[in-house]
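Everything below concerns the one structure shown next.
Residue numbers (this note's numbering), protein chains in the order written: chain A, 42 to 219; chain B, 13 to 112.
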């Protein structure tokens, strides 16, 4: 019973926050409702016995990525515009509805079955969920883990190179006392 | 026990919200935020299947999705800063620098 109440709460609030994220005019408000969405999705991860992902979701998503977004919002000082929708948005809305119908058909036709794995709750609870995640990560997924490390290094270098101030003609310093 | 289809339905709704945000909003940063919503919807799906099929593979995929999202946010925001500083545009539908 408690599971149903919690699932209903997390699901409803995450859907509402998602809608607010794309519907509010002020970008900072959008960022804050995205924060609410991320926190409630983290709650859903707890319901699904994924405690490590819950921690990662809050630390990395809400703590790092969202702060990055808010920093850029404050840096750019974007103004709230009167026309905040794309010029051709009815066309895209139609495309969106078509994709929604396709997704619903796929969802209704899925058998929701599959081959059961070995990580049953009793096996996982012998060592703890985070320990089980670590064991899997550093045995079966070690190569992927290293590749993600290289990818993040590339992303850092790319971000620094892109955001570096271009070395153009140095502007004359004005207002300096001789 | 909550049925798996409930999680999948939630995932579909969140994914559609994100997709609509990408399609209809003009602001760069909101478009990137909508991409984050879509990634979160995919994560819910992965973790739900991982739980109901008692396998670790879904959780691993979700962790890698979070790592990729971090890289995507960093590079995307750097591009936004470049475009904004060069006074090229302030909205998505005004960028046509790469158009033939």
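Backbone N, C-alpha and C fix where the C-beta goes; we use that ideal spot for every residue, glycine too.
Ranked by Cα distance from residue 80 of chain B, the options B:27, B:54 and B:109 are led by B:54. For the stretch 30-45 of chain B, the set of positions with a beta-carbon nearer than 9 Å to some beta-carbon of chain A reads 30, 31, 32, 33, 34, 35, 36, 37, 38, 39, 40, 41, 42, 44 and 45 in chain order.
Per the C-alpha coordinates, the member of B:83, B:21 and B:48 positioned closest to residue 62 of chain A is B:48. When the five nearest sequence neighbours on each side are left out, no beta carbon in the same chain lies closer than 6 Å to the beta carbon of residue 127 of chain A. The way I'd put it, the stretch 18-35 of chain B doesn't touch the stretch 190-206 of chain A; fewer than three beta-carbon pairs between them come closer than 8 Å. Leaving aside the five residues that flank residue 119 of chain A on each side, the residues in its chain whose CB is nearer than 6 Å to its CB run, in chain order, 68. Interface annotation, residue 86 of chain A: in contact with chain B, CB-CB separation under 8 Å. Taking a cut-off of 8 Å for Cβ pairs, the stretch 91-109 of chain A and the stretch 72-82 of chain A touch, as three or more such pairs fall below it.
Nearest CB-CB separation between residue 43 of chain A and chain B: not below the 8 Å threshold. Using a CB distance cut-off of 8 Å, residue 52 of chain B counts as an interface residue toward chain A. Within the stretch 44-78 of chain A, 44, 45, 48, 52, 55, 56, 59, 60, 62, 63, 68, 71, 72, 75 and 78 place their CB atoms closer than 8 Å to a CB of chain B, listed in sequence order. For the C-beta of residue 94 of chain B, the chain A residues within less than 8 Å are, from N- to C-terminus, 203 and 204.
Here the alpha carbons of residue 110 of chain A and residue 85 of chain B stand approximately 8 Å from one another. Between residue 73 of chain B and residue 58 of chain B, the CB-CB gap stays under 8 Å.
Per DSSP, reduced to three states, the secondary structure at residue 38 of chain B is coil, with no helix or strand assignment.
Looking only at A:152, A:206 and A:169, the smallest Cα-Cα distance to residue 92 of chain A is reached by A:169.
For residue 153 of chain A, the number of other beta carbons within 10 angstroms of its own is below 16, and it is reported as exposed.
Around the CB of residue 196 of chain A, 16 or more other CB atoms lie within 10 Å, so the residue is classed as buried.
With respect to residue 28 of chain B, residue 149 of chain A sits apart: the two C-beta atoms are not nearer than 8 Å. If you check the CB distance, residue 45 of chain B and residue 175 of chain A do not come in under 8 Å.
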